[in-house]
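Heads up: the structure comes next, in structure tokens.
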Amino acid sequence: MPELPEVETIAWTLRRALIGKTFLSADLRWPRTLAAPSPAAFKKRLKGQQITSVSRRAKFLDLQLSDAHLLIHLRMSGDLLVVLGGYQPAKHDRLIAKLSEDTSLIFSDPRKFGRIWLVDDPVEILGELGPEPFSEAFTPDWLYSALHLRRRQLKPLLLDQTFLAGLGNIYTDEALHLAKLHPLSASDSVTKKQAKGLWRAVREVLEEGIRHNGASIDWVYRGGDFQNHFRVYGQTGKPCPVCGTTIERITVGQRGTHYCPQCQVRANPKNPVQ
DNA sequence: CACGAGACCTGTTCGC
DNA sequence: TGCGAACAGGTCTCGT
Numbered sequence: 023m024p025e026l027p028e029v030e031t032i033a034w035t036l037r038r039a040l041i042g043k044t045f046l047s048a049d050l051r052w053p054r055t056l057a058a059p060s061p062a063a064f065k066k067r068l069k070g071q072q073i074t075s076v077s078r079r080a081k082f083l084d085l086q087l088s089d090a091h092l093l094i095h096l097r098m099s100g101d102l103l104v105v106l107g108g109y110q111p112a113k114h115d116r117l118i119a120k121l122s123e124d125t126s127l128i129f130s131d132p133r134k135f136g137r138i139w140l141v142d143d144p145v146e147i148l149g150e151l152g153p154e155p156f157s158e159a160f161t162p163d164w165l166y167s168a169l170h171l172r173r174r175q176l177k178p179l180l181l182d183q184t185f186l187a188g189l190g191n192i193y194t195d196e197a198l199h200l201a202k203l204h205p206l207s208a209s210d211s212v213t214k215k216q217a218k219g220l221w222r223a224v225r226e227v228l229e230e231g232i233r234h235n236g237a238s239i240d241w242v243y244r245g246g247d248f249q250n251h252f253r254v255y256g257q258t259g260k261p262c263p264v265c266g267t268t269i270e271r272i273t274v275g276q277r278g279t280h281y282c283p284q285c286q287v288r289a290n291p292k293n294p295v296q
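Using my numbering, the first residue of the first sequence is number 23, and each one after it goes up by one.
Put into structure tokens, the structure is as follows:
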């Protein structure tokens with residue numbers, strides 16, 4: 023479910039609900055959810071730790087504890103909820119943690135792709151990530167250079183978290199459309215002007231997503247309404263909001279990819295046409 | 001290095 | 001109605 027705006031929204035919610043609370047116990051109902059350490063070590067170490075801050079890096083949630091970091095990646099279908107008072111476990115609950123003040127933190131994840139780590143130093147897990155789109159490190163010049171350091175299709179490159187942190191399938195399609203760039207264009211074919219446009223588009227679609235509290239699709243994530251503002255994602259067969267041309271869907275890197283064949287013209291020195 | 005395919009999983013929707 | 005195929009917001013690993 024979650025890309026940067028959704029995780030940011032969840033971090034905001036957790037921050038208000040969890041800071042200051044202390045872990046009392048943990049019920050791990052699908053052991054593979056825990057990436058590290060072992061379940062026994064996890065339960066032992068978590069107990070008694072107080073949550074001091076909640077932040078987001080890429081699509082990871084980082085709960086800083088008294089003496090460790092609890093990192094959570096929701097992957098495709100994970101969700102976190104905070105419940106007050108008694109709680110009856112539900113079908114897709116993978117971890118139920120009891121906290122002080124009669125609070126429970128529940129990690130629910132139908133597809134079981136989500137992962138949780140309890141580590142000393144977040145860098146162990148987050149070390150290889152690319153820059154945050156809202157950081158000062160992410161500039162038009164950096165993007166232009168980075169695009170030209172490789173020769174890859176734009177969409178898979180933007181999805182690569184070691185290149186740039188936080189974009190997923192929705193926001194990548196939206197950003198490429200806003201920047202009028204074709205998902206299959208070679209990264210090193212992008213001009214300085216186009217790189218600046220892409221830089222702006224990435225920030226714009228992410229800001230828009232955050233402003234709408236993320237996108238809610240299907241049964242998984244609720245709360246946001248950015249799904250009502252998609253320009254191309256999931257809009258196959260509908261008119262492009264810019265030019266009216268029918269939005270098409272292709273597969274790129276095994277991901278459904280939505281774009282406007284009129285606005286987003288492919289630029290690739292090897293195959294200049296189309 | 002870049003890319004495609006397969007894995008990991010369950011649930012929903014599509015197409016015949 | 002039924003039933004298999006296709007698809008889903010992510011990432012990892014392996015083979016070419």
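Virtual Cβ for every residue (Gly too), placed ideally from N, Cα, C. Source: prediction; values computed, not measured.
{"query": "C-beta contact flag for Phe129 and Leu148 at 7 Å", "result": "no"}
{"query": "Reduced DSSP category for Ser207 - H, G, I as helix; E, B as strand; rest coil", "result": "coil"}
{"query": "Alpha-carbon spacing of Lys292 relative to Ser207, whole angstroms", "result": "Low confidence applies here, because Lys292 scores a pLDDT of 45, under 50, leaving its location unreliable; read the following figure in that light. Looking at the two C-alpha atoms, the distance is approximately 10 Å."}
{"query": "For Arg133 and Lys120, the rounded distance between their alpha carbons", "result": "23 Å"}
{"query": "Beta-carbon proximity of Val145 to Arg78, cut-off 7 Å", "result": "no"}
{"query": "Local conformation of Gly245 per DSSP, three classes", "result": "coil"}
{"query": "Close beta carbons around Ile239, own chain, < 6 Å, minus the five adjacent residues each side", "result": "Gln249"}
{"query": "Limits of the beta strand (DSSP E) - the one that Thr184 falls within", "result": "Careful: Thr184 lies outside any beta strand (DSSP E) and carries neither H nor E."}
{"query": "Backbone secondary structure at Leu36 - three-state DSSP", "result": "helix"}
{"query": "Pro162 and Lys202 closer than 7 Å at C-beta", "result": "no"}
{"query": "Nearest neighbour of Arg37, chosen from Arg174, Ile73, Gly188 [CA to CA]", "result": "Ile73"}
{"query": "Which residues DSSP lists as bridging Gln76, in chain order", "result": "Here the sequence assigns Val to residue 76, which means Gln is not the residue at that position. Val76 pairs with Leu85."}
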